Amino acid sequence: MKNRSLVSINDFTKEEILQIVDRAAMFEAKPNQDLLKDKVIASLFFEPSTRTRLSFETAIRRLGGRIIGFSDASSSSTTKGETLKDTIKMVSNYADMIVMRHPLEGSARYASEQSSVPIINAGDGANQHPTQTLLDLYSIKKTQGTLENLNVFMVGDLKYGRTVHSLLQAMSHFNPVFNFISPDELKMPDEYKLWLDSKGIPFYEHSEFTDIISRADILYMTRVQQERFADPLEYEKVKNVYVLRNSMLKNTKDNLRILHPLPRVNEISTDVDENPKAYYFQQAENGVYARMAIIASILGLA
Amino acid sequence: MGKKKELRVSAIQNGTVIDHIPAERLFKVISILNLDKCENLITFGTNLGSNRFGKKAIVKVADKFFEEKDLDKIALVAPEARFNIIRDYDVVEKREVSIPEEIVGIAKCFNPKCITNNEHITTRFSLLVSGDIALKCHYCEKITTKDHLEIL
Numbered sequence: 001m002k003n004r005s006l007v008s009i010n011d012f013t014k015e016e017i018l019q020i021v022d023r024a025a026m027f028e029a030k031p032n033q034d035l036l037k038d039k040v041i042a043s044l045f046f047e048p049s050t051r052t053r054l055s056f057e058t059a060i061r062r063l064g065g066r067i068i069g070f071s072d073a074s075s076s077s078t079t080k081g082e083t084l085k086d087t088i089k090m091v092s093n094y095a096d097m098i099v100m101r102h103p104l105e106g107s108a109r110y111a112s113e114q115s116s117v118p119i120i121n122a123g124d125g126a127n128q129h130p131t132q133t134l135l136d137l138y139s140i141k142k143t144q145g146t147l148e149n150l151n152v153f154m155v156g157d158l159k160y161g162r163t164v165h166s167l168l169q170a171m172s173h174f175n176p177v178f179n180f181i182s183p184d185e186l187k188m189p190d191e192y193k194l195w196l197d198s199k200g201i202p203f204y205e206h207s208e209f210t211d212i213i214s215r216a217d218i219l220y221m222t223r224v225q226q227e228r229f230a231d232p233l234e235y236e237k238v239k240n241v242y243v244l245r246n247s248m249l250k251n252t253k254d255n256l257r258i259l260h261p262l263p264r265v266n267e268i269s270t271d272v273d274e275n276p277k278a279y280y281f282q283q284a285e286n287g288v289y290a291r292m293a294i295i296a297s298i299l300g301l302a
Numbered sequence: 303m304g305k306k307k308e309l310r311v312s313a314i315q316n317g318t319v320i321d322h323i324p325a326e327r328l329f330k331v332i333s334i335l336n337l338d339k340c341e342n343l344i345t346f347g348t349n350l351g352s353n354r355f356g357k358k359a360i361v362k363v364a365d366k367f368f369e370e371k372d373l374d375k376i377a378l379v380a381p382e383a384r385f386n387i388i389r390d391y392d393v394v395e396k397r398e399v400s401i402p403e404e405i406v407g408i409a410k411c412f413n414p415k416c417i418t419n420n421e422h423i424t425t426r427f428s429l430l431v432s433g434d435i436a437l438k439c440h441y442c443e444k445i446t447t448k449d450h451l452e453i454l
């Protein structure tokens, strides 16, 4: 992993994923370490993402590193027409590593080819967001004790949601069963279903959000976004169908945990928040430890 | 009844004959090879009968020999095409086209939000092995299918 960029979750093998997950647990046990004492990390956010940026910056500061960068493109030279290539060429001469968020898909792969230091992709448009996937995996491992043989339910926008696509690919190393619950318009794309078929991984599709969740170990909720619908009436029809309410959790397994990449709108009713099976806020906290593990691994410091 | 073989498109002395182009792809082939801007003598015929597929087209370009990169481009739109090299009215070489596993700088990614459509970047795709032509973008990881394929 050392000196390698993390652009896509597919860049890491099963062993490397497990190594990150184990290291995240070590950082959680001892979060303040001086590993990045002599390091400067660039944090380049070409589009705002407060949650992801704060998570990365917390991880870097807890490890004693210093940060340079910007939090949206308006305060970078992009507004003067500088190309991504030139920005990366310049910054990679200043920093030991670059964390980058960019609205265009494929920008992270391209940056990794132009940079002399490793790039961590903090989201490239609708394409990849691998550190989210690794923190999801860490959350699953932490709550289930294992990543193997789990029944994972994914609910909501399965068509455009990059987090569910990356999680699906990463979990496929661990013999899962998948259940997909979504409106017809937002079903899991064929390319992922064909890919699961080719790996012999079972999956079931449902359009109704019912007591089938009683079989779930992980319930991964996503937001159904209005802008995905051509017809606003269609959105109105489905927007309240995929809402998780506390009463629906009555017959679920004890080990069930509810994950959500956040921000949530109305897809998880606030009465779920007090349920011990709700895990989305701890999941966000786990992001800091997962990112510490990723940074330390890539810089060869842990 | 004797078989009289008559050339529907007159022969060239030196150059390239591109044969077995599906008729509906003829103008695509012409534009990909920039033949509309080529000053050489060019003759072509289309809607000719073909044993392989309904109707074929043929293009004869005098005194021009194409590069490997041109053949790769044509492979994406007319995978059955054949490039016959003609010297002194004889076919000296028959070259079949084949789609390379890595397609560099030939095709355009269909995804408008792909970085390759927003900065000056050489496109790169890998060929997906399935029935129809499908190219996976090295950058945005989206798949450009035959229907959306645009040759640069």
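In order, the protein sequences belong to chains C and Z.
Heads up, the first sequence is in my numbering, so the first residue is 1 and it goes up one at a time.
Heads up, the second sequence is in my numbering, so the first residue is 303 and it goes up one at a time.
For each residue, glycine too, the CB sits at the ideal point set by N, CA and C.
This one's a predicted model, so the numbers in the text were calculated from it and none came from an experiment.
Minimum Cα-Cα distance from E227(C) among the listed residues S5(C), D157(C) and N121(C) corresponds to D157(C).
A contact is defined here as three or more CB-CB pairs under 8 Å, and the segment 104-124 of chain C fails this definition with respect to the segment 312-330 of chain Z. For the segment 187-273 of chain C, the continuous beta strand (DSSP E) assignments of 3+ residues that do not extend past its boundaries occur at 203-206, 218-221 and 257-259, in sequence order. For M97(C) against L259(C), the beta-carbon gap comes to about 28 Å, at or over 8 Å, which does not count as contact. Taking the beta carbon of T418(Z) as reference, the chain C residues within 7 Å of it are G106, listed in sequence order. Contact between D72(C) and E47(C) holds, with the beta-carbon distance rounding to 7 Å and staying under 8 Å. Note: D321(Z) is bridge-paired with R384(Z) in the DSSP secondary-structure output.
One finds R109 in chain C with Cβ atoms closer than 7 Å to the Cβ of H440(Z), taken in chain order.
Relative to the Cα of K366(Z), the nearest Cα in the group S333(Z), C340(Z), C439(Z) and V399(Z) belongs to C340(Z). Across the set K187(C), L196(C) and A230(C), the C-alpha of L196(C) shows the shortest separation from the C-alpha of N175(C).
The C-alpha of E403(Z) lies about 21 Å from the C-alpha of V331(Z).
Look at the segment 70-89 of chain C: the residues with a C-beta under 7 Å from a C-beta of chain Z are T83, L84 and K85. For K415(Z), a Cβ of chain C is located within less than 9 Å of the residue's own Cβ. Here M1(C) carries a coil assignment [DSSP, helix/strand/coil]. Contact annotation, V243(C) with E267(C): C-beta distance approximately 6 Å; criterion of less than 8 Å satisfied.
Neighbours of G125(C) across chain Z, judged by C-beta separation under 7 Å: K415. By the neighbour-count criterion, in which a residue is buried when 16 or more other Cβ atoms sit within 10 angstroms of its Cβ, Y441(Z) is buried.
Note that the C-beta distance between S182(C) and K199(C) is not below 9 Å.
Residue pairing by DSSP leaves H440(Z) without any beta bridge partner.
Bridge pairing for F153(C): N179(C) and L219(C) [DSSP].
Contact between L135(C) and Q33(C) is ruled out by a C-beta separation of about 19 Å, above the 8 Å threshold.
Taking CB atoms only, H129(C) has no neighbour in chain Z less than 9 Å away. Taking L430(Z) as the centre and dropping the five residues before and after it, the same chain places the C-beta of A436 and K438 closer than 6 Å to its C-beta, in chain order. 9 Å or more divides the Cβ of I88(C) from the Cβ of S5(C). Among the bridge pairs identified by DSSP, T446(Z) is matched with L437(Z). DSSP, reduced to helix, strand and coil, places T13(C) outside both helices and strands of the structure shown, so it counts as coil.
Among the CB atoms of chain C, one or more fall inside 9 Å of the CB of K444(Z).
The beta carbon of E404(Z) sits no closer than 9 Å to any beta carbon of chain C.
Shown here for F70(C): same chain residues with a beta carbon closer than 6 Å to its own, the five before and five after excluded, namely S76 in chain order. In this structure, the alpha-carbon of F427(Z) lies about 5 Å from that of I405(Z). The Cβ atoms of V288(C) and A59(C) sit closer than 9 Å to each other. For the segment 180-202 of chain C, the set of residues with a beta-carbon nearer than 8 Å to any beta-carbon of chain Z comprises E191, in chain order.
Around the beta-carbon of G161(C), 16 or more other beta-carbon atoms lie within 10 Å, marking it buried. The beta carbon of P232(C) does not come within 9 Å of any beta carbon belonging to chain Z, so the residue lies off that interface.
Setting aside the 5 residues that flank it on each side, Y138(C) is surrounded in the same chain by V21, A24, N286 and A290, each with a C-beta closer than 6 Å to its C-beta; the list follows chain order.
Using beta-carbon distances, P48(C) does not count as an interface residue toward chain Z, since no partner is under 9 Å.
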